[in-house]
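Counting from 377, one number per residue, gives the positions in the sequence shown under my numbering.
What follows is a set of notes on a single structure, which appears directly below.
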Amino acid sequence: MLSYILKRLLLMIPTILGVLTVTFVIIQFVPGGPIETLLAEARAGAGGDSGTYQARRDIDAKQVAELKALYGFDKPPFERYLSMLKSFAQFDLGKSFFRNKDVWTLIKEKLPVSISLGLWTFLLSYLISIPLGVAKAVREGTRFDTLTTLLVLVGFAIPGFVLGVLLIVLFAGGSFLDWFPLRGLTSDNWASLAWPARITDYLWHLVLPLTCYAIGSFAIVTMLTKNTFVEEIRKQYVLVARAKGLPEQRILYKHVFRNALIPIVTGFPAAFVSAFFAGSLLIETLFSLDGLGLLGYESIVRRDYPVVLGTLYFFTLLGLVVKLIGDLLYVVVDPRVQFGAVGK
377 MLSYILKRLL
387 LMIPTILGVL
397 TVTFVIIQFV
407 PGGPIETLLA
417 EARAGAGGDS
427 GTYQARRDID
437 AKQVAELKAL
447 YGFDKPPFER
457 YLSMLKSFAQ
467 FDLGKSFFRN
477 KDVWTLIKEK
487 LPVSISLGLW
497 TFLLSYLISI
507 PLGVAKAVRE
517 GTRFDTLTTL
527 LVLVGFAIPG
537 FVLGVLLIVL
547 FAGGSFLDWF
557 PLRGLTSDNW
567 ASLAWPARIT
577 DYLWHLVLPL
587 TCYAIGSFAI
597 VTMLTKNTFV
607 EEIRKQYVLV
617 ARAKGLPEQR
627 ILYKHVFRNA
637 LIPIVTGFPA
647 AFVSAFFAGS
657 LLIETLFSLD
667 GLGLLGYESI
677 VRRDYPVVLG
687 TLYFFTLLGL
697 VVKLIGDLLY
707 VVVDPRVQFG
717 AVGK
């Protein structure tokens, strides 16, 4: 087991290097850049002030040289690449070009929104989908199975942002009802409320965006649970248990349940983290939620390379660690798995 973990940790190094290298190379060929963006914003702010074209061009050339020195673009790409790797090895993600903040600080500022939506999406989808999948497996082929399959597949097919627009029109003061708040995760006076009122206000703000996030995840977990349970129910040990006269509930929850949940439980870490960081830009924009999705989009548009590369490094590293945890859960759920046999 220890040797397997060490091998996986060592394999993370070339994976991260590959991701960062490819991204860094692509960035070198992307039209425009942070310098051009800053100059364009400065010219737009000036609004065509007085001065000849030649004078403005000379000033721009001087500004470009100063900005390149400030942001390190006066150095060769390979030197900047090595400097980036050295900083990342020390978990220094750099500083944003436009926000005047460290990348770590920006990530921590956006995490509360992503964690709120991700945690509740994860809990809601699994707490509903697993019991529903078990019920569908037990009632396979019945009207209940067909109807619930249709409902979860329709929910999976509807894009989250389209559902968000519909919910706003129907329930957030659009054209019909005004039951739910439209913006943010809390009200403006949230800090002055008592704790019970704060919790109620927070949950009330979550209803619409959480519905948009979670509705699409029901189908995957529900159908995976159903299919794994149906496969286990048809195995020989279940027939033997039934032949011995064991109660159906005992067979289902003591014998079938543990074996059927192996592929679901081992996917918990990945699903947990992906729920945090796979936020939809359109949903965040629709409900005015300043999360990681919006941060990533704005960083790409403005060519804020430290934020782009820093967040990519953070998510890649986190994803690899989560994948390792998911593999190790196989041993916890099913002790028959032996990683020592890998490669033999």
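Each residue gets a CB set at the ideal place from its N, CA and C atoms; glycine is no exception.
Within the same chain, show all residues whose beta-carbon is closer than 6 Å to that of residue i, passing over the 5 residues directly before and after it, in chain order.
i: Pro-410; result: Phe-473 and Arg-679
i: Leu-560; result: For clarity, residue 560 is Gly in the given sequence; the question names Leu instead. Cβ neighbours of Gly-560 beyond the five flanking positions: Ser-664.
i: Phe-464; result: Tyr-689
i: Thr-692; result: Ile-392 and Val-395
i: Ile-591; result: Gly-531
Indicate the three-state DSSP secondary structure (helix, strand or coil) for residue i in the structure shown.
i: Asp-680; result: coil
i: Lys-471; result: strand
i: Asp-577; result: helix
i: Asp-703; result: helix
i: Ala-548; result: strand
i: Asp-564; result: coil
i: Asp-554; result: strand
i: Asp-478; result: strand
i: Gly-485; result: Note that residue 485 is Glu in the sequence shown, not Gly. Glu-485 falls in the helix class under three-state DSSP.
i: Arg-610; result: coil
i: Glu-455; result: helix
i: Phe-663; result: coil
i: Val-697; result: helix
i: Lys-620; result: coil
i: Pro-507; result: helix
i: Glu-516; result: coil
i: Val-440; result: helix
i: Val-632; result: helix
i: Leu-637; result: coil
i: Val-406; result: coil
i: Leu-385; result: helix
i: Pro-535; result: coil
i: Gly-394; result: helix
i: Ser-379; result: helix
i: Leu-569; result: coil
i: Gly-763; result: Given that the chain is displayed from residue 377 to residue 720, the structure contains no residue 763 and the question cannot be resolved.
Grab me the residues of residue i's own chain with a C-beta within less than 7 Å of its C-beta, minus the 5 sequence neighbours each way, in chain order.
i: Ser-505; result: Phe-594, Val-597, Thr-598 and Thr-601
i: Arg-456; result: Gly-448
i: Ala-513; result: Lys-602, Phe-605, Val-606 and Ile-609
Pop quiz: residue i and residue j are said to be a contact at Cβ under 8 Å. What is the actual Cβ separation, rounded to whole angstroms?
i: Leu-727; j: Leu-586; result: The shown model of the chain, from 377 to 720, leaves out residue 727, and the question about it has no answer.
i: Thr-524; j: Leu-508; result: 6 Å
i: Tyr-589; j: Ile-659; result: 7 Å
i: Leu-685; j: Leu-396; result: 7 Å
i: Leu-696; j: Thr-391; result: 6 Å
i: Val-545; j: Phe-552; result: 7 Å
i: Phe-547; j: Trp-580; result: Their Cβ separation, rounded to whole angstroms, is 11 Å, which puts Phe-547 and Trp-580 out of contact at 8 Å.
i: Val-489; j: Gly-667; result: 4 Å
Excluding the 5 residues flanking residue i on each side, which residues of the same chain have their C-beta closer than 8 Å to its C-beta?
i: Val-632; result: Phe-605, Glu-608, Ile-609 and Val-614
i: Lys-462; result: none
i: Gln-404; result: Pro-453
Beta carbon of residue i: closer than 7 Å to some heavy atom of the ligand ADP?
i: Thr-391; result: Because no ligand of any kind appears in the structure shown, any question about the ligand ADP cannot be addressed here.
Three or more C-beta pairs below 8 Å linking the region 524-531 and the region 594-604: yes
contact_flag[the region 671-686, the region 467-481] where n(CB pairs < 8 Å) is 3 or more: yes
Inter-stretch contact at 8 Å, needing at least 3 Cβ pairs: the region 555-572 / the region 475-483: no
Any 3 or more C-beta pairs closer than 8 Å across the region 619-632 and the region 535-545: no
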